[in-house]
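Right, one structure below, let's go through it.
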Ligand code: ATP
Ligand code: MG
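Numbering (the working numbering), first residue to last: 105 to 281.
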């Protein structure tokens, strides 16, 4: 899977619509402290189905919505869209994954315009050996956590990296039926 574009509206400090094209190869994001670099990575993780507000540096999930500044009123929704090239057995295909959250109304996901469950989005990324908890996304405080992880936690990281995490999600799903 390759992410080709990231669009944000009302997400954290990105109050105005921002549209970032991600070209093949290495991409660097540079800027002064507090300009929103980590918010961009969090937008990626959030759209992939991250559900822990703490790992998004907030108290509740609505904290990802632009909270206002001295000169701008707060927003009542946040939306992030990822355009991804997904490898399928029948060839590569482009997919647009959208997550939106509204104050008081929770969040909703769409894949290519269709309403889907959070689980569908999580599975899509897990099958591509990426996702909200992928070891490919390392936040500023995660290095220490990897070093201090218990064996079971480290196994989960290796399973994510190996692309078999989706199988566990499906097994849990099957057991619950
Ligand atoms: P550093 O170089 O220090 O790591 P950074 O570029 O990673 O900085 P971020 O942590 O991404 O910066 O951005 C922090 C900024 O985002 C702060 O100014 C904070 O006020 C702002 N911010 C976070 N959440 C919201 C929100 N819900 N509404 C408005 N602004 C927000
Ligand atoms: Mg940062």
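Just so you know, even glycine gets a beta-carbon here, dropped at the ideal spot from N, CA and C.
Exercise. Pick from 126, 159, 113 and 124: whose alpha carbon is nearest that of residue 249?
Worked result: Residue numbering aside, residue 249 sits at position 145 when the chain shown is read from its first letter. Closest option to residue 249, Cα to Cα, is 159.
For this session: Could you work out which residue in 202, 207 and 208 is closest to residue 214 when comparing CA atoms only?
Result: Within the chain shown, residue 214 is the residue found at index 110, counting from 1. Selected option, being the one with the closest Cα: 202.
Exercise. Is any heavy atom in the ligand NAD found nearer than 6 Å to the beta carbon of residue 141?
Worked result: Annotation note on the ligand NAD: not contained in the displayed structure, which lists the ligand ATP and the ligand MG as its ligands.
Problem set entry | Cross-strand partners of residue 219 (DSSP beta bridge) | Working through the chain shown from its first residue, we reach residue 219 at position 115. Answer is 214, bridged to residue 219.
Exercise. Tell me the DSSP bridge mates of residue 123?
Worked result: Position 19 of the chain shown, counted from the start, is the residue given in the question as residue 123. Residue 123 pairs with 111.
Exercise. Residue 147 and residue 112 look like a contact to me (Cβ under 8 Å); what is the Cβ gap, rounded to whole Å?
Worked result: Within the chain shown, the letter at position 43 stands for residue 147. Within the chain shown, the letter at position 8 stands for residue 112. Confirmed, about 5 Å.
Exercise. Are three or more beta carbon pairs between the segment 128 to 135 and the segment 222 to 231 nearer than 8 Å?
Worked result: With a cut-off of 8 Å, the segment 222 to 231 and the segment 128 to 135 do not count as touching, because too few Cβ pairs lie within range.
For this session: Measure the beta-carbon distance from residue 114 to residue 166 and round it to whole angstroms, keeping in mind my assumption that it falls under 8 Å.
Result: Locating residue 114 in the chain shown gives position 10, where the first residue counts as 1. Locating residue 166 in the chain shown gives position 62, where the first residue counts as 1. Rounded, the Cβ-Cβ distance is 11 Å, inconsistent with contact.
Exercise. Are the beta-carbon atoms belonging to residue 126 and residue 141 less than 7 Å from one another?
Worked result: Position 22 of the chain shown holds residue 126. Position 37 of the chain shown holds residue 141. If you check the CB distance, residue 126 and residue 141 do not come in under 7 Å.
For this session: Output the distance between the C-alpha atoms of residue 211 and residue 220, rounded to the nearest integer angstrom.
Result: Counting from one through the chain shown, the residue named residue 211 turns up at place 107. Counting from one through the chain shown, the residue named residue 220 turns up at place 116. Roughly 11 Å separates the two Cα atoms.
Problem set entry | Beta-carbon proximity list for residue 207, same chain, < 8 Å, skipping 5 on both sides | The count along the chain shown starts at 1 and reaches residue 207 at position 103. Result list for residue 207: 166, 169, 180 and 181, in chain order.
Exercise. Is the Cβ-Cβ distance between residue 253 and residue 154 less than 7 Å?
Worked result: Sequence index remark: in the chain shown, residue 253 carries index 149 (1-based). Sequence index remark: in the chain shown, residue 154 carries index 50 (1-based). No, the pair does not count as a contact, with Cβ atoms beyond the cut-off.
Problem set entry | Supposed contact pair residue 230 and residue 269 - C-beta distance, whole angstroms, cut 8 Å | As a working mapping, residue 269 is identified with position 165 in the chain shown. As a working mapping, residue 230 is identified with position 126 in the chain shown. That belief holds up - the Cβ atoms of residue 269 and residue 230 are roughly 5 Å apart, short of 8 Å.
Exercise. Nearest to residue 216 by alpha carbon, out of 175, 198 and 256?
Worked result: In the chain shown, the residue the question calls residue 216 occupies position 112. Here the closest residue by C-alpha is 198.
Exercise. Is residue 208 near the ligand ATP, going by C-beta to nearest heavy atom under 6 Å?
Worked result: Taking the first residue of the chain shown as position 1, residue 208 is located at position 104. Result no, Cβ not under 6 Å from the ligand ATP.
Exercise. Around the C-beta of residue 232, are 16 or more other C-beta atoms found within 10 angstroms, so that it is buried, or is it exposed?
Worked result: Translated into the one-based positions of the chain shown, residue 232 becomes position 128. Residue 232 is buried by the Cβ-count criterion.
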